[in-house]
Structures are given as structure tokens and as C-alpha cells.
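Worksheet: the structure to be examined is printed underneath.
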Amino acid sequence: KKARVEDALHATRAAVEEGIVPGGGVALIRAASALDGVTFEDDRSFGVKLLRRALEEPLRQIAQNAGVDASVVVGKVKEGTGPFGYNARTDEYGDLIKAGVLDPTKVTRTALQNAASVAGLLLTTGCMIAEKKSKSGGHDHSHDFDDED
24 KKARVEDALH
34 ATRAAVEEGI
44 VPGGGVALIR
54 AASALDGVTF
64 EDDRSFGVKL
74 LRRALEEPLR
84 QIAQNAGVDA
94 SVVVGKVKEG
104 TGPFGYNART
114 DEYGDLIKAG
124 VLDPTKVTRT
134 ALQNAASVAG
144 LLLTTGCMIA
154 EKKSKSGGHD
164 HSHDFDDED
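Numbering (this note's numbering), first residue to last: 24 to 172.
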């Protein structure tokens, strides 16, 4: 309970510092429109496509967690403008700011910056060690080392 209060305090401070954006991944969907004029004729076009897909991922995950078709939700939210988005709590579409579904701008911005930083590091890394996903879709925490992989 104490952690929830601390999280709320930090979110409030962040909102006071830089303002708020519609939550539920909508701000990132809207940010993707900044890529509309960005075109390349080389491998960088794959990077732009990847970034577009990455900006959709938080909304996709919210939709999947709510048990609805993520592609349908993303498509419908993309058709909207401004704070129009999907409210997973009520399973309705509408103005997320009026519905109280908000994210501090600072939190959204730093999450995107940190994700881009990690992606940049992974692209320039010669070797990486990662957990192997289990057959059930989660991570396999058995730490068995077999030579068959």
C-alpha cells in the first residue's frame, strides 16, 4: 500500500513538472504521426517501420491484457484524434483525458528515451545474453545449460 502511495506521489510530481498526456498508449500512437514525412530508400526505412511498431506496443499490450483483439484496438485508436483512445477498464472508446486515463508527460517521454537508448545499445552490441522464453510464453528460469540450443 505504501508503494502505491509513493508511485502516486511520483506520478503527481512528474505531471506537475511537464504536464499530462492521454494514457493507455494513446500519446505514443499520436507521436508516431511525426514519422509520416520520414522516408528513406535504404535500411533506415526498416528502422522507421520498427519505431512505428514499437510506439504501438504499449497499446497492443493493454488490449491483449484486456482480452480484446489488439490489432482492432490499435486500428480504431489510429482512426481517432487527440485524446481518443481505448479504456481497458470500461472496454469503451472515448476521450481518455475526460475519463481520467492519464500519463505524466515526463514518464512517457523518459520511457521512450530509455527504450531508444537500449535499442541503440543492442544494435551496436556484438554479443548479448538473454533469458530463453519457455514454451508457455514466459521466461524459463531453470538456468539449465544444455548444448542443444
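No residue lacks a Cβ here, since even glycine has one placed at the ideal position from N, Cα and C.
So which of the options has the shortest CA-CA distance to residue i?
{"i": "glycine 48", "options": "Ala26, Gln87 and Lys155", "result": "Gln87"}
{"i": "glycine 90", "options": "Tyr109, Glu64, Ser56 and Gly143", "result": "Tyr109"}
{"i": "alanine 55", "options": "Asp66, Gly70 and Gly42", "result": "Gly70"}
{"i": "glycine 127", "options": "Glu29, Ala34 and Leu119", "result": "Just to set this straight, residue 127 is proline in the shown sequence, not glycine. It is Ala34."}
{"i": "glycine 105", "options": "Ser157, Arg27, Arg76 and Ile120", "result": "Ile120"}
Drop a sphere of 10 angstroms on the beta-carbon of residue i, count the other beta-carbons inside from all chains shown, and report buried for 16 or more, exposed for fewer.
{"i": "isoleucine 85", "result": "buried"}
{"i": "phenylalanine 107", "result": "buried"}
{"i": "alanine 134", "result": "exposed"}
{"i": "leucine 145", "result": "exposed"}
{"i": "valine 44", "result": "buried"}
{"i": "lysine 24", "result": "exposed"}
{"i": "threonine 113", "result": "exposed"}
{"i": "alanine 139", "result": "exposed"}
{"i": "glycine 149", "result": "exposed"}
{"i": "valine 97", "result": "buried"}
{"i": "arginine 36", "result": "exposed"}
{"i": "threonine 131", "result": "buried"}
{"i": "alanine 111", "result": "buried"}
{"i": "leucine 73", "result": "exposed"}
{"i": "glycine 42", "result": "exposed"}
{"i": "leucine 58", "result": "exposed"}
{"i": "arginine 53", "result": "buried"}
{"i": "glycine 46", "result": "buried"}
Could you tell me how far apart the beta carbons of residue i and residue j are, in whole angstroms, since I believe they sit closer than 8 Å?
{"i": "leucine 51", "j": "leucine 78", "result": "4 Å"}
{"i": "leucine 82", "j": "valine 100", "result": "6 Å"}
{"i": "lysine 155", "j": "glutamate 40", "result": "In fact, because the Cβ distance is near 40 Å, the residues do not count as touching under 8 Å."}
Problem set entry | Inside the region 97-154 only - beta strand (DSSP E) runs reaching at least 3 residues | Counting only runs of 3 or more, we get 107-110, 115-118 and 125-127.
For this session: Could I get the ranges of all uninterrupted beta strand (DSSP E) runs contained in the region 50-93, with 3 residues as the minimum, in chain order?
Result: Complete beta strand (DSSP E) runs here, min 3: none at all.
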